[in-house]
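A.B. asks: Pasting in a structure now, in structure tokens, and then I'll have a few things to ask.
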Amino acid sequence: MFTKETTERLQQLETPFYYYDLDLLRETLAVASGEAANRGFKLHYAVKANFNPVIMKIIAGYGLGADCVSGNETKLAVECGFPAAETLFAGVGKSDREIETALQLGISCFNAESVEEIGVIDEIAGRLGKKAVVALRINPNVEAHTIKHITTGTDENKFGIRIAELERVTALLEEMENIKYRGIHFHIGSQITDLHVYRNLCLRINELWEWLTDRGLEPADINVGGGLGISYEDPDRFPPFADYFEVFSRHLDSRIQSTISFELGRSLTAGCGSLISKVLFVKPGARETFVILDAGMTDLLRPALYHASHRIENLTSELPPRKYTVVGPICETTDTFGKYIELPETRRGDLVAIRSAGAYGEVMAMRYNMRSLPASVFSGDKGLIIRQ
Ligand SMILES: *Cc1c(COP(=O)(O)O)cnc(C)c1O
55 MFTKETTERL QQLETPFYYY DLDLLRETLA VASGEAANRG FKLHYAVKAN FNPVIMKIIA
115 GYGLGADCVS GNETKLAVEC GFPAAETLFA GVGKSDREIE TALQLGISCF NAESVEEIGV
175 IDEIAGRLGK KAVVALRINP NVEAHTIKHI TTGTDENKFG IRIAELERVT ALLEEMENIK
235 YRGIHFHIGS QITDLHVYRN LCLRINELWE WLTDRGLEPA DINVGGGLGI SYEDPDRFPP
295 FADYFEVFSR HLDSRIQSTI SFELGRSLTA GCGSLISKVL FVKPGARETF VILDAGMTDL
355 LRPALYHASH RIENLTSELP PRKYTVVGPI CETTDTFGKY IELPETRRGD LVAIRSAGAY
415 GEVMAMRYNM RSLPASVFSG DKGLIIRQ
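Below, the structure is given as structure tokens:
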């Protein structure tokens, strides 16, 4: 990703910033959408992973739908070229105004997460003289075997409608005049690397499909969510899209005629992005040597938020390796990117890349300590393209 030429160009720019390799993004999209299409599946992009418009427009160009979790995301998706008719709106707490926005845009479907919410959508749709298409987000109580903070599909989570409530919800759906039932939706968590988890999800979906079909509620669409994990240790490893889709091909009941949709975020955009930073100081501590970067948790929050670890590379030193603790400039001890990690001997002014940062990176940047938000830089045919 970082040829000598690219590194020399990046060195000229003011740090920190996100750098996106757009060829890698395109290759990832081509493989993922191809593997999905080969199996007759529909692919959506989970906008929350990265809503940088440059990235969004490229993704829209590959024919993906958009999976949004706020009214603003639905608006941006349509502005960036995702068809409204391929745009979904999910989330446990949709405000009245967001529901109105989505109805006015003509999005394809609300993924509803509670009985109360379906009632509110029905009422607002009635007021606007529209029909709202709704899928039920079901909490399948499937353990995702990922980080606790990003597990969403077990009984303890706030997400989705519990299976025990389904009987009541399906009865209600029939009474609501402005709601059109379309199907069911699941999303059990993120950064899932054990594909057996998805086999368990398929088995649960098969049971639910049978239960609904018996009651005359056969879903037209089954949306299985996203969550495919990537290798943060080995940032150049490509996500296993074929193996992932194959689990669903193999384990979903062959009687199911519904459209099967996926909504991937991390696996599509993480690999192409890196946070680029310069070393401000190298400071000896009592037990470790600190490398102090000009990028911090305000630019990339995942390590501070989830104890996530990203691979760190010194792009400009070729000296023998040493152990360092790499930290940012923010006044918080959790502003740490890596403890006792190996880097070539590092000096003030060296350029550092924090890899696999194209998902849940730039979108979580914030202004704590009155920091500036990071810029974004893209690989382009004629050199770099910079966006402040
Ligand atoms: C976040 C989210 C996704 C995408 O998850 P990834 O782990 O990034 O693939 C998909 N669907 C819903 C409903 C989400 O909230």
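Residue numbers (the working numbering): 55 to 442.
The beta-carbon is built from N, C-alpha and C at its ideal position, and this holds for glycine as well.
Please read these numbers as outputs of a predicted model, since none were measured by experiment.
Kindly confirm or deny that the region 341-359 and the region 312-319 touch, where touching means at least three C-beta pairs closer than 8 angstroms.
C.D. replies: They do not touch, by the three-pair rule.
A.B. asks: Measuring only from the beta carbon, is P168 closer than 6 angstroms to any heavy atom that is part of ligand 1?
C.D. replies: In the sequence shown, counting from the first residue as 1, residue 168 sits at position 114. Going by the sequence as given, residue 168 is Ser instead of Pro. Incorrect: S168 has no Cβ contact closer than 6 angstroms to ligand 1.
A.B. asks: Relative to the alpha-carbon of A144, which residue among L190, K332, L405 has its alpha-carbon at the smallest distance?
C.D. replies: Translated into the one-based positions of the sequence shown, residue 144 becomes position 90. Selected option, being the one with the closest Cα: L190.
A.B. asks: Would you say the region 408-416 touches the region 351-371, given that touching needs at least three Cβ pairs under 8 angstroms?
C.D. replies: A contact exists between the region 408-416 and the region 351-371.
A.B. asks: Helix or strand or just coil, what does DSSP make of S315?
C.D. replies: In the sequence shown, residue 315 corresponds to position 261, counting from 1. Here S315 sits in strand by DSSP.
A.B. asks: Would you report the Cα separation of Y235 and S124, rounded to the nearest angstrom?
C.D. replies: Working through the sequence shown from its first residue, we reach residue 235 at position 181. Working through the sequence shown from its first residue, we reach residue 124 at position 70. So the alpha carbons of these two residues sit roughly 21 angstroms apart.
A.B. asks: Thinking just about the alpha-carbon of each residue, which of G434, S433, L359 is nearest to the one in M420?
C.D. replies: Translated into positions along the sequence shown, residue 420 becomes position 366. Closest by alpha carbon: L359.
A.B. asks: How many Å lie between S308 and R253 at the Cα?
C.D. replies: On the sequence shown, position 254 is the one that residue 308 refers to. On the sequence shown, position 199 is the one that residue 253 refers to. Rounded to the nearest angstrom, the two C-alpha atoms are 14 angstroms apart.
A.B. asks: So is H241 buried or exposed if we call it buried at 16+ other beta carbons inside 10 Å?
C.D. replies: Start at 1 with the first residue of the sequence shown, and residue 241 comes out as number 187. It counts as buried.
A.B. asks: Does the structure place the region 272-282 close enough to the region 331-348 that three or more beta carbon pairs sit under 8 angstroms?
C.D. replies: No, the region 331-348 is not in contact with the region 272-282.
A.B. asks: When you compare the CB positions of S321 and L369, do they come within less than 7 angstroms of one another, or not?
C.D. replies: Numbered from its first residue, the sequence shown carries residue 321 at position 267. Numbered from its first residue, the sequence shown carries residue 369 at position 315. Taking 7 angstroms as the Cβ cut-off, S321 and L369 do not qualify as a contacting pair.
A.B. asks: Counting beta carbon pairs with one atom in the region 386-397 and one in the region 297-304, are three or more of them shorter than 8 angstroms?
C.D. replies: Taking 8 angstroms as the limit for Cβ pairs, the verdict is that the region 386-397 does not touch the region 297-304.
A.B. asks: Looking at the structure shown, is F302 part of a helix, part of a strand, or coil, going by DSSP?
C.D. replies: For the purposes of this step, residue 302 is taken as residue 248 along the sequence shown, with counting starting at 1. Helix, per DSSP.
A.B. asks: Could you work out which residue in E372, N104, L159 is closest to E140 when comparing CA atoms only?
C.D. replies: In the sequence shown, counting from the first residue as 1, residue 140 sits at position 86. If we check each option's Cα against that of E140, L159 comes out closest.
A.B. asks: Taking the beta strand (DSSP E) that G327 falls in, what are its first and last residues?
C.D. replies: Here residue 327 refers to the residue found at position 273 when the sequence shown is read from its first residue. Per DSSP, G327 belongs to the beta strand (DSSP E) from 327-338.
A.B. asks: Any residue with its C-beta under 5 angstroms from a non-hydrogen atom of ligand 1 counts. Can you list them all in chain order?
C.D. replies: After applying the 5 angstroms Cβ criterion, the set is A100, A103, A144, H241, S244, G279, G280, G281, E317, L318, G319, R320.
A.B. asks: Can you name the residues that DSSP bridges to R191?
C.D. replies: One-based indexing of the sequence shown puts residue 191 at position 137. Answer by DSSP bridge pairing, in chain order: H239.
A.B. asks: Have a look at R93 and I215 and give me their C-alpha separation to the nearest angstrom.
C.D. replies: The count along the sequence shown starts at 1 and reaches residue 93 at position 39. The count along the sequence shown starts at 1 and reaches residue 215 at position 161. Rounded to the nearest angstrom, the two C-alpha atoms are 28 angstroms apart.
A.B. asks: Roughly how many angstroms lie between the CA atoms of G180 and D150, to the nearest whole one?
C.D. replies: One-based indexing of the sequence shown puts residue 180 at position 126. One-based indexing of the sequence shown puts residue 150 at position 96. Distance between the alpha carbons of G180 and D150: 13 angstroms.
A.B. asks: Whole angstroms is fine: what's the gap from K58's alpha carbon to P398's?
C.D. replies: Looking up residue 58 in the sequence shown gives position 4. Looking up residue 398 in the sequence shown gives position 344. If I take the Cα positions, the gap works out to 16 angstroms.
A.B. asks: What are the partner residues of H98, as DSSP defines its beta bridges?
C.D. replies: Working through the sequence shown from its first residue, we reach residue 98 at position 44. For H98, which the question treats as bridged, DSSP gives the partners G119, E317.
A.B. asks: Quick check: the region 373-387 against the region 282-292, are at least 3 beta-carbon pairs closer than 8 angstroms?
C.D. replies: Touching, no, given that fewer than three Cβ pairs across the two stretches are closer than 8 angstroms.
A.B. asks: What is the rounded straight-line gap between the Cα of L97 and the Cα of A186?
C.D. replies: Here residue 97 refers to the residue found at position 43 of the sequence shown. Here residue 186 refers to the residue found at position 132 of the sequence shown. If I take the Cα positions, the gap works out to 22 angstroms.
A.B. asks: Report buried or exposed for D75, applying the criterion of at least 16 other Cβ atoms within 10 angstroms of its Cβ.
C.D. replies: Start at 1 with the first residue of the sequence shown, and residue 75 comes out as number 21. With 16 or more Cβ atoms within 10 Å of its Cβ, D75 is classed as buried.
A.B. asks: Between which two residues does the alpha helix (DSSP H) carrying Y360 extend?
C.D. replies: Position 306 of the sequence shown, counted from the first residue, corresponds to residue 360. Taken as a continuous stretch (DSSP letters only), the alpha helix (DSSP H) holding Y360 covers 356-360.
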